[in-house]
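The sequence shown begins at 1 in the UniProt record's numbering and counts up one residue at a time.
Glycine residues also receive a C-beta, built at the ideal position from the N, C-alpha and C atoms.
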Amino acid sequence: MKAAEVYSREEENIFICGQMDVSSKRIDRAFSLDAAKVFSACMPSGPKWSVGNDLMANIRDGYLTSKVVCLVEILLRYRENKDLRCIVFVERIVTAIVIRNLLNELLLEVTGWRTEYTAGNNSILQPQSRKEQNVIVDKFRKGTVNIIIATSMLEEGLDVQSCKLVIRFDPSATICSFIQSRGRARMQNSEFIIMVESEDSSALSRVKNFLASGDIMRRECMSHADLPCEPLEKDLYDKLLYRVTSTGAIVNLSSSVQLLYVYCSRLPSDGYFKPYPRFTIEQQTCTIHLPNSCPIRTITVQGDKKILKQLACLEACKQLHQHGALSDNLVPDIVEEETEAQDSGNEPYLDEHAKYFPQELVGLCVNGSNVQYQFYLLELQPGFQYDVKFQDILLAVHTKLDDDLENLDLELDADRGKLIIRIKHIGCSELNSEQVALCQRFQNTVFRVLLDHNLDKIHENLNQYSQGKGSYVFNYIFLPALRSQESVTVDWNCITGVHYPKKVSSGKNSCRFSARGHGHYMLTKNSMVCLCMLENSLVCTPHNDMLYCIDGTLQDFDGNTLLELGEGEMVTYKQYYQQRHGIKLQYERQTLLKAKRVFTVHNYLDRSRIPSSKEPRNRTCELPPELCSIIMAPISVSTFYSFSFLPSVMHRIESLLIAANLKSMHADHCTQNVVIPTIVVLEAITTKKCQENIHLESLETLGDSFLKYAASQQLFKTYQNRHEGLLSLKRKKIISNPALCKLGCDRNITGFIRNEQFDPKTWIIPGTNCADRILKEEMLSSSKKVYIEGIKKIKQKTVADVVEALIGAYLSVGGEIAALSFMAWLGIRVDLEHVPYTRKFAVKPEMYVNVRKIESLLKYSFRDATLLVEALTHGSYMLPEIPGCYQRLEFLGDAVLDYLITLDLFDKYPHLSPGLLTDLRSMSVNNDCYGQSAIKWELHKHILYSSTELLQQIRRAVHSFEESPSTFAWESETFFPKVLGDVIESLAGAIFVDSGYNKDIVFKSMRRLLEPLVTLETLKLHPVRELTELCQRGQYSLKKTVFSSQNGVMYYMVEVEACGVVHKETQSVTDKNKKTAERLACKAVLKRLKESMSVKPTRSLA
1 MKAAEVYSRE EENIFICGQM DVSSKRIDRA FSLDAAKVFS ACMPSGPKWS VGNDLMANIR
61 DGYLTSKVVC LVEILLRYRE NKDLRCIVFV ERIVTAIVIR NLLNELLLEV TGWRTEYTAG
121 NNSILQPQSR KEQNVIVDKF RKGTVNIIIA TSMLEEGLDV QSCKLVIRFD PSATICSFIQ
181 SRGRARMQNS EFIIMVESED SSALSRVKNF LASGDIMRRE CMSHADLPCE PLEKDLYDKL
241 LYRVTSTGAI VNLSSSVQLL YVYCSRLPSD GYFKPYPRFT IEQQTCTIHL PNSCPIRTIT
301 VQGDKKILKQ LACLEACKQL HQHGALSDNL VPDIVEEETE AQDSGNEPYL DEHAKYFPQE
361 LVGLCVNGSN VQYQFYLLEL QPGFQYDVKF QDILLAVHTK LDDDLENLDL ELDADRGKLI
421 IRIKHIGCSE LNSEQVALCQ RFQNTVFRVL LDHNLDKIHE NLNQYSQGKG SYVFNYIFLP
481 ALRSQESVTV DWNCITGVHY PKKVSSGKNS CRFSARGHGH YMLTKNSMVC LCMLENSLVC
541 TPHNDMLYCI DGTLQDFDGN TLLELGEGEM VTYKQYYQQR HGIKLQYERQ TLLKAKRVFT
601 VHNYLDRSRI PSSKEPRNRT CELPPELCSI IMAPISVSTF YSFSFLPSVM HRIESLLIAA
661 NLKSMHADHC TQNVVIPTIV VLEAITTKKC QENIHLESLE TLGDSFLKYA ASQQLFKTYQ
721 NRHEGLLSLK RKKIISNPAL CKLGCDRNIT GFIRNEQFDP KTWIIPGTNC ADRILKEEML
781 SSSKKVYIEG IKKIKQKTVA DVVEALIGAY LSVGGEIAAL SFMAWLGIRV DLEHVPYTRK
841 FAVKPEMYVN VRKIESLLKY SFRDATLLVE ALTHGSYMLP EIPGCYQRLE FLGDAVLDYL
901 ITLDLFDKYP HLSPGLLTDL RSMSVNNDCY GQSAIKWELH KHILYSSTEL LQQIRRAVHS
961 FEESPSTFAW ESETFFPKVL GDVIESLAGA IFVDSGYNKD IVFKSMRRLL EPLVTLETLK
1021 LHPVRELTEL CQRGQYSLKK TVFSSQNGVM YYMVEVEACG VVHKETQSVT DKNKKTAERL
1081 ACKAVLKRLK ESMSVKPTRS LA
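Okay, structure coming up:
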């Protein structure tokens, strides 16, 4: 029954009768499905019954064979080994699939083991692609798959050192198969088990002979181990062997056939054709026709009929090696490339990295003579109205800062609107040691007030700036400024207020009061003070331990003034303090003070902050002077308000200086005169986790597309005889996340990356010494120095994203030359120079394609029309006179189109918020968009291919497109075969090569085919992403089930539970395309969800 189910499934591309056309496949599946239904009707059903509950009963009732139960029992002996690696060899593919399904059903919950199957490629069936097989074997090595059910393909070549158990479910047919399968058990003390029916005497005898033969061979090998090998006869060596001198690798007549098939199996393919050699034998002549992506297309050999095919294969292997398609070890070039890529990708990555701090803001905490400071004026310019005015601030640093800071407006998101900070260098001046100590004491006190709101903590930390002499500290000073029309000076009167209380001259008994108690002096908690001192002060009210900024007096308010408590209740201030705090006012006629609670320091760089123009109800109050104890005076509320923004301002300045240091590191090694704004570099090193209004996403998108383009064109022109699979692998080695991360680490870029949200609570007040933030000097070069302020964790992908964003930053400002210069500094050396594309193409293009028609569509005339033939030739169209298919041009055109569209969007929307560029690019650069364009312009009629399945899928896509309303790509419910999108990309590649790498010509020609391009007005998120984000925002449950199959149709089910309501959709597709099924199902659920929630469809989400 299980075998019938397997044959009936669309996703399993195997058939009872081997290779068939589309109609026959449908009949085959229908027959298998009917058989499965007949079998299942005879099976028990119900929630309490399942196969495997009682194995002996299953055997007795005929649901399981005794051999399968024996296999399960053997495996269960190893149930304690959670890290088991086991290979079970079977003969037939359908057996492998059925046993895989059965073991996953029986053993997964009991042992945690996961089972997969692999089946070899042959001329009849192709149940798995080479890529799928490699993925499964890789999972087996890593331990995420524990058991592999395999056909003979794994008998030779699989080397997994941790493989402990090998089971022959079907005994070996030959001694070679026996020895090779036994050799897969690589672990010490591993076991090899052969399952033989007890009544099968011939199979048992064959196994005994295999064992005996193995012993004989072992003794023979041991006896001849010390004997020198006799050289082969020269004539036989020359004729029947090919030897690589440098490595000693040999291919002979018997191994040449297999090697040639293995080589062809590693060539690029898709679901519509499988590359393999075709043989034509006439009398004593054999001609091999190799796939289009081979550097050699035909090989003709004459010789003895008995070994003619082997001779031809041996010659083919020889020529493939001479052309570099086989390595010096006589393995396909892509195999060695994969090994190198795997080795480099497996290098360990440590996610802990130093966190850099700019040297410009660091100094030694020492006592000394006069110190020279560079002074910068911070002009705070609000974009909103508020009753508290801003005060300009002076920033004093030891070193002149990056020039870009003077030309930059810092923007903060204050509670009431935007706040702009303009930075201006106003010169240098000296401060003596007493002045420095006073300034540090002042800013330490002010920031402690703002950060802690606690008088005890203020006293505890007041002298912290003087500790840790001789150590590095954040050495810069903020000072309140006084401005006149001609000059800017330090407000020393305010700064000395930190020394309050001062001695007040006697004579308070002679102070005169008016009828309402208004005089020049007022009585506070601790003394009689001058009104001018009290009106601009920081006070504490001991009865509730609160801190207030005094902003003047209320002339018409005293202790007898009425206070409205709410709900119409009116009491005097004197009564309120008596009732609420038990305090009797002694000087009830003293004028009340206008007070504001101390401001709270926020992260004003946080883009998720919600501004509010309303003042909190408890922000302002009226205070009797006799309840107030002065902490600092004179100091205005404007000073405290302005200082509350400085932690955010300084965090942005620190970040800009870090970016400037990174920029100068590259500039020291750059021969190009590239001037890039520091803010752009900062954008490139700022991740989304920082939650700021700038982050790297747009620049990363741009840099990613340029890097892909630059690497692709370099590889295309450097390896002109290599197939697309090898080029893609080489490109991956250049632009993959591990490769880019390594380059970033080698250049110490990790220390500059900003991946943490700013938290004012952890901000270190300048001048203080913090035990957990010890600064260490780090020399990046002989002339560049930074300081390490701690350790941060950075993911490998984050480092790669920053590298791409930096490439995008240099590209956006300095163009391609600047980007290439930065890439060269990283270690990626490419150029954009045109190199002629040479290949043998001795055909008349007009014989195969309608050149004039296509040129009229493209509005471009080809100088070499053979490029047009190559661009339209699918891999299945194997004619000797056409020496190539579109794969190489598609590899190049994919990168060129991606880059050109991304660059166009970046230029078209220069101020686009980060994230939207990625969305625009995703909707513009995808196979559905390209496939739709190919059908719209009828390019499908010009593609050269020889695949019945591809023909059927193109027909269905054309019919669906013509029946559907005009929509953008992923709004359509049409499945577009990837070949259609590939042809659009290959045509772009052909124009790019033919025009001498002229990108403007390519974009002009291709834009016409792709229009209308996506704009902000037409942008719609991919249904899968939009549904995911909607569920994340609403915290809805989202489930996606693995597709199932009925009546030969694939199903994909998506289920969302929102507000107690379940929205479920099962979407069917007739083609084996999981992404199409998922997109259509998500689109349907999304529509239902929005309708139920009365949510209008969104055009875009940033």
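Taking only the alpha-carbon atoms, compute the straight-line gap between residue 419 and residue 603 and give it to the nearest angstrom. 13 Å
Between the CA atoms of residue 319 and residue 1056 - distance to the nearest angstrom: 58 Å
Across which residues does DSSP place residue 566 in a beta bridge pair? 569
Could you tell me whether the segment 913-922 touches the segment 994-1002, where touching means 3 or more Cβ pairs closer than 8 Å? no
Thinking C-alpha only, which one of 529, 653 and 818 is nearest residue 675? 818
Under the rule that 16 or more other beta-carbon atoms within 10 Å means buried, what is residue 962, buried or exposed? exposed
Where does the unbroken beta strand (DSSP E) through residue 725 begin, and where does it stop? Note, residue 725: premise wrong, no beta strand (DSSP E); alpha helix (DSSP H) at 724-735.
Ignoring anything shorter than 3 residues or poking outside the segment 249-283, list the beta strand (DSSP E) runs there in chain order. 250-252 and 278-282
Smallest Cα separation from residue 729: which of 67, 131 and 379? 131
According to DSSP, is residue 1023 helix, strand or coil? helix
Suppose contacts are defined by Cβ-Cβ distances below 8 Å. Is residue 685 in contact with residue 788 by that definition? no
Could you check if residue 313 is buried or exposed, using at least 16 other CB atoms within 10 Å of its CB as the buried criterion? buried
Using the DSSP secondary-structure output, state which residues sit across from residue 417 in a beta bridge. 414
Determine, using beta-carbon pairs with one atom in the segment 300-310 and one in the segment 690-708, whether at least three such pairs fall under 8 Å. no
Collapsed DSSP secondary structure at residue 619 in the structure displayed: coil
Which one or two residues does DSSP pair with residue 630 in a beta bridge? 539
According to DSSP, what are the bridge partners of residue 425? 376
7 Å Cβ shell around residue 141 - same chain, five flanking residues per side excluded: 160
Whole-Å CB distance - residue 523 paired with residue 587, under 8 Å assumed: 6 Å
Residues bridged to residue 777 (per DSSP): 787
Alpha helix (DSSP H) containing residue 1000: first to last residue? 999-1010
What is the rounded straight-line gap between the Cα of residue 457 and the Cα of residue 499? 17 Å
Per DSSP, what kind of secondary structure is residue 332 in: helix, strand or coil? strand
Out of curiosity, what's the CA-to-CA distance linking residue 1087 and residue 1022? 13 Å
Indicate whether residue 947 and residue 192 have their beta-carbon atoms separated by less than 8 Å. no
Can we count residue 495 as close to the ligand SAH, meaning its CB is less than 7 Å from some heavy atom? The ligand SAH is not part of the structure shown, which contains no ligands of any sort.
Leaving aside the five residues before and after residue 537 along the sequence, list all residues of the same chain whose C-beta is less than 7 Å from its C-beta, in chain order. 550, 630, 632, 633, 634 and 635
From the DSSP output, in three-state form, read off residue 856 for me. helix
Check whether the segment 886-900 touches the segment 665-673, counting contact only when three or more Cβ pairs, one atom from each stretch, lie closer than 8 Å. no
Looking at the structure shown, is residue 974 part of a helix, part of a strand, or coil, going by DSSP? coil
Within the same chain, show all residues whose beta-carbon is closer than 8 Å to that of residue 820, passing over the 5 residues directly before and after it, in chain order. 710, 830, 831 and 832
Use the C-beta contact count for residue 489: other C-beta atoms within 10 angstroms, 16 or more gives buried, fewer gives exposed. exposed
Under three-state DSSP, which class holds residue 1099? Any reading at residue 1099 must be qualified, since the residue scores a pLDDT of 41, below 50, and its modelled position is unreliable; no value is offered.
For residue 801, does the count of other Cβ atoms within 10 angstroms reach 16, so buried, or fall short, so exposed? buried
Could you round the C-beta distance between residue 763 and residue 624 to whole angstroms and report it? I think they count as a contact, below 8 Å. Not confirmed; about 35 Å, so no contact.
Once the 5 residues before and after residue 1083 are set aside, which same chain residues still bring their CB inside 7 Å of it? 1023
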